[in-house]
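Numbering (our numbering), first residue to last: 3 to 704.
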């Protein structure tokens, strides 16, 4: 629970505060004092009479009633302190810096349980244990540095790791990214990352609250809660970016299907973030760079430019203004790789701009004003992008120190244009060592800096490719849920179900399947082939991986050929029957799903056949899926151009492919007993999509 005593305490007591600022107890007192805390600060230390100018209480029993207690003592003493302070001193909020709890031993976990129980009984909030603390504009109750610039429109940062939080803050401070609050939740036994998001969501004020949230997550304790409140905040106008660390441990887990091998917990995290609209990051630098991108967009929106808050930002076409050719080329390459455009500037407009710059300047885009270009030339180029180039959505400015011009003048011009222009301007100031004072002065005016152009382009690509939060409604039209439950209830033993049951389930969901016949009788299969017409395909039934044991025969055109393949396949170890299907043509695509504990079903789509194994070009989504989610997954595939149609070949029917993905996800939503599912391949053409081969692994509830 998060309460007012935690956020805005009128009084704070530091148990274990000291004069040694090189230890946590002294450092937290120093930071509270230097942070300008306006309330009453108290310190308990049996060995000191005064700590950093504050008269000390030698015993906790001497302390008056207090709002917030910060514990910086050995773990074994913490439960008794919490019990006494909550009961006798009406303390309603605790921050426990100390380590040595459940993260280390079972005995430590027991200490932790006692603390959580006590806080629950007395209605007290608990941050930690094993954390660096909490910092906002009211109090800096942390023992670490750096202390970033705190502003109401800065980012809210929530971290599951104290040390990583410090490193992320270091990265952010160097870029000029301000913060509104910093939460280090430590072991998070009472207040976790999801709880902080819930509080921010339920108390959100669009007029006063920060609209940027940055997360460092080591464990998603409650995926549904994270999804609900993150997507709710984004719909209210916030932007959220997150790192999820430690999500690849099960990526190499042995599995009996393609989906089982690919749908690791990392795929579940990817699907969760996509569904919520969270921009996923993979490093500290990327997270803080995305935070700075959000800051630029916020600044631009304050000036009246709509960059798409709460939705995918409407930024596609960019101009690059530079005085160094190489960085401009590298930025162009990185943006193009991310699917963004750097339109060529030519014709009368280009000639007009060129006439106003130094001789030798290049204006084709990137706009190179040369190493001798001044702040005035920089302003001319930016104004031209702002006022004359209607198809340009945003401007990148690369300006370091060539040793030929005054950077203060150029950066003053850049500051002026950022304030004036309605189009976003992304400043790339690479000379953070040789021009440190100039860059620092620029940052002090409330700006951010992207010192590396390729890192910026990569992060911007992540922002642009993150979809808006998915609608919470389930697409039920055409899906027979009662019959699905009836079929699932008949499964009594775990394992892969029969092809006939697969067909029944797909019929319930409206997923089309190729005409087929399964039998252990040769004559039945030959009669079926005559009915549907040759050519046909024969597949062994029984072994899981049919291709690996020679259990697939294509392009069978005669009854004699079919009879020979039947006899051969029935001799394969584990064979119980043979399936015959009408042979169809089309592009092979793939859909799979795997049930991931706590997350639900992770649905995958991509190119089918052997491409699933070789390329692993798949995208994941969390069931149930909406049509916009399905289309986003399809369009995000690296092989999407193949599906769209290339070099004279017709593309597939994307609507039908998306429909199968959505219908399958609805089926899975009401059949959690399905643990793994493969449809590989589906054959797709411009008319429709048909499932050719499918397997479903079911573990019935006991």
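Glycine included, each C-beta is placed from N, C-alpha and C at the ideal position.
No experiment lies behind these values; they were computed from the predicted model shown.
Quick check on residue i: does DSSP put it in helix, strand or coil?
i: residue 201; result: helix
i: residue 314; result: Caution is warranted here: a pLDDT of 43 is assigned to residue 314, below 50, making its placement in the model unreliable, and no coordinate value can be reported.
i: residue 526; result: helix
i: residue 566; result: helix
i: residue 184; result: strand
i: residue 385; result: helix
i: residue 222; result: coil
i: residue 435; result: coil
i: residue 574; result: coil
i: residue 89; result: helix
i: residue 601; result: coil
i: residue 479; result: coil
i: residue 342; result: coil
i: residue 446; result: helix
i: residue 144; result: strand
i: residue 678; result: strand
i: residue 280; result: coil
i: residue 332; result: helix
i: residue 452; result: coil
i: residue 673; result: coil
i: residue 171; result: helix
i: residue 320; result: strand
i: residue 308; result: For residue 308, the predicted structure reports a pLDDT of 48, less than 50, and the residue's modelled location is therefore unreliable. A value from the coordinates is still provided. Note: residue 308 maps to coil in three-state DSSP.
i: residue 207; result: coil
Taking the straight line between their C-alpha atoms, what separation do you get for residue i and residue j?
i: residue 316; j: residue 341; result: 13 Å
i: residue 213; j: residue 672; result: 36 Å
i: residue 566; j: residue 477; result: 45 Å
i: residue 584; j: residue 646; result: 25 Å
i: residue 544; j: residue 577; result: 5 Å
i: residue 293; j: residue 243; result: 7 Å
i: residue 105; j: residue 130; result: 11 Å
i: residue 343; j: residue 603; result: 36 Å
i: residue 262; j: residue 222; result: Low per-residue confidence applies at residue 262: pLDDT is 46, beneath 50, and the placement is therefore not dependable enough to give any value.
i: residue 693; j: residue 605; result: 16 Å
i: residue 410; j: residue 439; result: 9 Å
i: residue 436; j: residue 405; result: 10 Å
i: residue 21; j: residue 637; result: 59 Å
i: residue 512; j: residue 159; result: 45 Å
i: residue 365; j: residue 7; result: 58 Å
i: residue 400; j: residue 153; result: 27 Å
i: residue 46; j: residue 102; result: 21 Å
i: residue 206; j: residue 442; result: 33 Å
Looking only at C-alpha atoms, which of the options sits nearest to residue i?
i: residue 427; options: 384, 453, 492, 455; result: 384
i: residue 285; options: 464, 92, 700; result: 464
i: residue 472; options: 27, 449, 627; result: 627
i: residue 70; options: 60, 64, 92, 271; result: 92
i: residue 699; options: 637, 570, 534, 494; result: 494
i: residue 498; options: 538, 547, 200; result: 547
i: residue 431; options: 171, 579, 177, 80; result: 177
i: residue 73; options: 36, 134, 149, 197; result: 134
i: residue 695; options: 703, 687, 680, 701; result: 680
i: residue 196; options: 96, 633, 3; result: 3
i: residue 2; options: 274, 165, 328; result: Since the first residue shown for the chain is 3 and the last is 704, residue 2 is missing from the structure and cannot be characterised.
i: residue 26; options: 65, 58, 100; result: 100
i: residue 289; options: 334, 460, 140, 234; result: 460
So, are the CB atoms of residue i and residue j less than 9 Å apart?
i: residue 503; j: residue 489; result: yes
i: residue 5; j: residue 137; result: no
i: residue 114; j: residue 191; result: yes
i: residue 590; j: residue 613; result: yes
i: residue 359; j: residue 322; result: no
i: residue 542; j: residue 558; result: no
i: residue 592; j: residue 608; result: yes
i: residue 279; j: residue 474; result: no
i: residue 601; j: residue 273; result: yes
i: residue 184; j: residue 151; result: no
Look up residue i in the DSSP assignment and give the residues it is bridged to.
i: residue 44; result: 15
i: residue 498; result: 699
i: residue 519; result: 582
i: residue 79; result: DSSP, once it has assigned bridges, lists no residue as partnering residue 79.
i: residue 621; result: 607
i: residue 589; result: 686
i: residue 52; result: 57
i: residue 428; result: 398
i: residue 153; result: DSSP, once it has assigned bridges, lists no residue as partnering residue 153.
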